[in-house]
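Below: the structure, in structure tokens.
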Amino acid sequence: MDVQKIRKDFPILAREVNGKPLVYFDNAATSQTPVQVIDTIVDYYKNYNANIHRGVHSLSQEATDAYEAARKKIQKHFNAAQLHEIIFTSGTTHSINVVSNGYAQLLKQGDELIVSALEHHSNIVPWQMLCEKTGAKLKVIPMNQEGVLLMDEYEKLLSDKTRLVFVDHVSNALGTVNPIETIIDKAHAVGAEVLIDGAQASPHIQADVQALDVDYYVTSAHKLCGPTGIGMLYGKESALNRLPPYQGGGEMIAEVTFEKTTYADLPHKFEAGTPNIAGGIAFGAALDYINNIGMDQIAAYEAELLNYATKALQKIPHLKVYGTAPQKTAVISFNVEGIHPYDIGSILDKLGIAVRTGHHCAQPIMDYYQIPGTVRASFSFYNTFEEIDSMVEALKKAIQMLQ
Amino acid sequence: METIQEVQEEIVEEFSMFEDWMQRYEYMIELGKSLPLIDAQYKTDDYIIKGCQSKVWVHADLEDDKLIFTADSDAIITKGIIAILIRAFSHQHPDAILEAGTEFIDKIGLKEHLSPTRANGLVSMIKQLKMYAIAFKTQLN
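Residue numbers (the numbering used here), protein chains in the order written: chain A, 1 to 403; chain B, 1 to 141.
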């Protein structure tokens with residue numbers, strides 16, 4: 001893997017911020033976009049922009065073909081059994097809402113849902129709303145100091161009342177890789193379905209939805225070099241057929257009379273209205289780009305980056321790393337004793353280094369550690385060891401100023 | 001006693017002396033350390049300014065007909081920001097506080113050099129100081 005060559009694909013990496021070369025370590029929030037993906041979007045709007053699935057004319061046919069080809073790429077990447085099990089959505093949050101809204105009609109009083117303590121707010125709030133609506137109960141799998149879920153506790157929460165378990169594949173705040181295989185198996189053993197939020201995992205781990213036997217798997221394209229505003233809901237055919245549709249509108253219907261509307265077949269049942277066509281096509285291009293480099297190569301290189309950064313950061317006095325699970329993606333959440341994470345983030349920004357600071361939309365985790373937030377550096381395959389050195393130098397400078 | 005206008009001009013002048021934003025940050029951190037601290041009894045949720053990502057508490061007292069502000073924050077740069085605002089608005093009559101503009105913030109370039117979350121926080125802080133002025137103004141009348 002030639003990192004210098006890869007970096008040339010990302011125009012944004014050449015820019016300066018506050019007069020310093022940009023060091024982009026906020027990849028867990030959104031990844032940068034290679035020129036191959038940008039060109040795909042430009043090409044669509046320049047040459048074959050048209051509405052899909054409806055027109056009889058050539059442009060519409062070309063756009064439809066490209067959009068459906070992207071769906072095929074997504075199916076292949078995640079190894080879904082059927083093409084129509086891949087639903088395009090606006091992103092992970094939308095995908096989760098499709099499932100939770102459908103579930104609103106499937107749940108009854110006394111049913112139980114299980115969520116993990118590591119969840120992003122987008123995987124907590126829809127279910128809280130759902131529980132308020134249906135009278136179902138929300139239970140939480142606790143975690144330990146390392147940021148690892150307590151599987152014994154999980155087993156105790158499972159029962160014949162459990163309808164759905166939803167866990168993120170990788171925690172966005174801490175980078176913990178959750179044991180989703182076990183989580184799925186145990187849930188299935190009591191007859192519950194499982195939804196896995198793959199937003200943080202997708203750039204680092206290739207999920208095989210058939211091998212996992214997962215019921216729903218969701219992600220966003222912008223986490224893996226694609227554009228924002230497009231994502232995926234994978235659902236097993238049987239699960240999606242049971243799930244009531246989310247939105248009414250064009251494309252999702254088979255037949256409409258004033259008495260009754262028959263819903264379209266999958267995937268259109270969940271794809272009402274004109275979708276983000278360019279985004280969908282670019283999602284496919286992003287997968288091509290990543291697969292061209294190779295997920296294994298990416299994972300191996302990112303593990304080296306994580307290891308290098310962890311060692312360098314741990315040499316800084318009074319620095320504490322949050323989330324020390326044995327299985328982690330390239331994310332480091334940390335604080336320096338006596339210094340607010342926002343202050344560190346502000347100074348780092350002035351030195352050209354983009355990190356995330358705050359609660360990372362995972363307040364329950366911050367409450368667990370009793371901290372207002374952390375500084376989070378998250379790495380991607382286009383980052384370098386030299387950039388980590390720059391961050392460590394900048395961090396030392398920030399600490400000196402702020403102490 | 002200086003007017004708000006005069007204090008604001010002083011602040012603008014001080015900030016114009018620095019060459020880059022690292023120096024301005026260093027200065028803000030210094031200012032943060034000199035912030036007139038809020039009495040511990042007011043460091044409660046009732047006195048927290050909403051809309052700030054770091055915690056900020058502000059309290060106001062009336063001395064004769066002037067408002068005296070005290071504050072604190074868990075983040076030092078935020079303390080610097082609130083210190084600048086307090087220096088501009090404290091020890092002034094509520095009417096003067098309500099009439100005062102905030103152009104000096106733009107002049108020192110504070111807003112565009114803050115992250116969007118901090119810039120929102122800054123707006124909330126100014127609003128809160130003005131709210132205190134409204135509250136005490138009614139008390140004076």
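Glycine is no exception: its CB is placed at the ideal position from the N, C-alpha and C atoms.
Small disclaimer: the values here were computed from a predicted structure and weren't measured.
- A Cβ of chain A is located within less than 9 Å of the beta carbon of T78/B.
- With a contact defined as Cβ atoms closer than 8 Å, I11/B and I84/B qualify at about 6 Å.
- DSSP places L59/A inside the alpha helix (DSSP H), whose first and last residues are S58 to F78.
- In the structure shown, H360/A falls within a coil segment according to DSSP collapsed to helix, strand and coil.
- Its Cα nearest to that of S16/B, the residue G109/B stands out among G109/B, Y132/B, I126/B and A119/B.
- Taking 4 residues as the minimum length, the alpha helix (DSSP H) runs contained wholly in the region 188-231 of chain A are 209-212, in order along the chain.
- Y48/A sits in coil when the DSSP states are folded into three classes, being neither helix nor strand.
- CA-to-CA, the gap between V98/A and A117/A works out to about 22 Å.
- For chain B, the residues of the region 343-370 of chain A that bring a beta carbon within less than 9 Å of one of its beta carbons are D343, G345, S346, I347, D349, K350, L351, T357, G358 and H359, in chain order.
- Here K315/A is exposed. Its C-beta has fewer than 16 other C-beta atoms within 10 Å.
- Listed along chain B is no residue with a C-beta nearer than 7 Å to that of L130/A; the closest approach is about 28 Å.
- Of all C-beta pairs linking the region 181-197 of chain A to the region 151-167 of chain A, three or more are shorter than 8 Å, placing the two stretches in contact.
- When C-beta distances to chain A are compared with 7 Å, the residues of the region 10-31 of chain B below that value are W21, M22, Y25, E26 and I29, in chain order.
- Residue-level contact check: I339/A touches chain B, since one or more beta carbons of chain B fall below 9 Å from its beta carbon.
- Listed along the chain, the chain B residues whose CB falls inside 9 Å of the CB of L402/A are I29, I76 and I77.
- Note that the C-beta distance between A362/A and H121/A is below 9 Å.
- Taking 8 Å as the upper bound for CB-CB distance, I230/A and F270/A are not in contact here, some 14 Å apart.
- Where E30/B is concerned, there is no enclosing beta strand (DSSP E), although the alpha helix (DSSP H) around it starts and stops at W21 to K33.
- By the criterion of a C-beta distance shorter than 7 Å, A239/A is surrounded in its chain by E193, D215 and Y216, once the five residues flanking it on both sides are discounted.
- DSSP, reduced to helix, strand and coil, places I365/A within a helical segment of the structure shown.
- Each of Y342/A, A330/A and I347/A was checked against the Cα of N27/A, and the nearest Cα belongs to A330/A.
- Going by C-alpha positions, P267/A is about 16 Å away from N79/A.
- When secondary structure is reduced to three states using DSSP, S90/A falls in the coil class, being assigned neither helix nor strand.
- At a cut-off of 9 Å between beta-carbon atoms, L114/B makes contact with chain A.
- With fewer than 16 other beta carbons inside 10 angstroms of its own, G191/A counts as exposed.
- Any Cβ of chain A closer than 9 Å to the Cβ of K55/B would place that residue at the interface, and such an atom is present.
- The beta carbon of N172/A sits no closer than 9 Å to any beta carbon of chain B.
- Comparing C-alpha distances from E14/B to each of F104/B, M131/B and L129/B shows the shortest one belongs to F104/B.
- For the pair G338/A and Q400/A, the CB atoms are not nearer than the 9 Å cut-off.
- Using a Cβ distance threshold of 9 Å, S100/A and L138/A do not count as a contacting pair.
- Secondary-structure assignment with DSSP links Q92/B through a beta bridge to L67/B.
- Residue pairing for P21/A: DSSP places it in a beta bridge opposite E16/A.
- Following the DSSP letters along the chain, one finds Y47/B in no alpha helix (DSSP H), marked with neither H nor E.
- Counting C-beta pairs closer than 8 Å gives three or more between the region 130-140 of chain B and the region 85-99 of chain B, which meets the contact rule.
- By a beta-carbon distance limit of 8 Å, A377/A contacts V355/A. Their separation comes to about 5 Å.
- Contact check for N383/A against Y24/A passes: the beta carbons are separated by less than 9 Å.
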